[in-house]
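*Asks:*
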Amino acid sequence: MAISEKLVTECRTRLLQSKQDILNRVKEARLNLDQNEEKGGDEGDQTVRVLAEQEFLSMHERLRGQLMEIESALARIEGGTFGYCEETEEAIEPERLRAIPWTRLSIEGAEIRESMNKRYARG
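Going by UniProt numbering, the letters in the sequence shown line up with residues 1 to 123, in that order.
1. Name the two residues that bound the continuous alpha helix (DSSP H) containing cysteine 85.
2. Taking contact to mean 3 or more Cβ pairs, one atom from each stretch, closer than 8 Å, check whether the segment 62–79 and the segment 7–17 are in contact.
3. Tell me the rounded alpha-carbon separation between lysine 6 and alanine 99.
4. CB leucine 63 to CB valine 26, shorter than 7 Å?
5. For alanine 91, list the residues DSSP reports as bridge partners.
6. For glycine 83, count the other beta carbons within 10 Å of its own beta carbon; 16 or more makes it buried, fewer makes it exposed. Which is it?
7. Among Gln46, Arg49, Ala75 and Arg30, whose alpha-carbon lies nearest the alpha-carbon of histidine 60?
8. Can you tell which of Glu10, Cys11, Glu55 and Asp42 has the C-alpha that lies nearest to the C-alpha of asparagine 32?
9. Let me confirm a value: threonine 81 is counted as buried when at least 16 other C-beta atoms fall within 10 Å, else exposed. Which label applies?
10. Return the chain-ordered list of same chain residues with a C-beta closer than 7 Å to the C-beta of arginine 113, the five sequence neighbours on each side being excluded.
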């Protein structure tokens, strides 16, 4: 089953929007962090700043991973491999692509990968 051009276009639009949303969130969080970057203050103020920095770094890392997945999906669109499962090489379900346009795996492929990970985790 081939992926329809309409679905690819729909997913490309969502991917680009998600990418922009992530970039905006990081920019906004960085601005907020910079505004709270006043020097000095008591230990409580310094603790709050350190916690805010840690929260920012954690969020930044999570969003960076998601951004990499989005970039990879956009590259697959350009390369003509978008929408095909890396595990089964079959077309990914349209509903799954609409829900998670950066996914690399079909439902079956995700189950196979999860089963393999569990097997290797046991040692």
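A virtual CB, placed ideally from N, CA and C, is assigned to each residue, including glycine.
*Replies:* To lay it out plainly:
1. Sequence index remark: in the sequence shown, residue 85 carries index 85 (1-based). First-last for cysteine 85: undefined, no H or E at that position.
2. yes
3. For the purposes of this step, residue 6 is taken as residue 6 along the sequence shown, with counting starting at 1. For the purposes of this step, residue 99 is taken as residue 99 along the sequence shown, with counting starting at 1. Computed Cα separation, rounded: 15 Å.
4. Numbered from 1 along the sequence shown, position 63 holds the residue referred to as residue 63. Numbered from 1 along the sequence shown, position 26 holds the residue referred to as residue 26. In this structure, valine 26 lies closer than 7 Å to leucine 63 by Cβ.
5. Taking the first residue of the sequence shown as 1, we reach residue 91 at position 91. Partner(s): Tyr84.
6. Here the question's residue 83 lines up with position 83 in the sequence shown. Buried: at least 16 other Cβ atoms inside 10 Å.
7. Position 60 of the sequence shown holds residue 60. Minimum Cα distance to histidine 60 is reached at Arg30.
8. Counting from one through the sequence shown, the residue named residue 32 turns up at place 32. The option with the nearest alpha carbon to asparagine 32 is Glu55.
9. What you label residue 81 is simply residue 81 of the sequence shown in a count that begins at 1. It counts as exposed.
10. Looking up residue 113 in the sequence shown gives position 113. Contacts found: Glu87 and Leu105.
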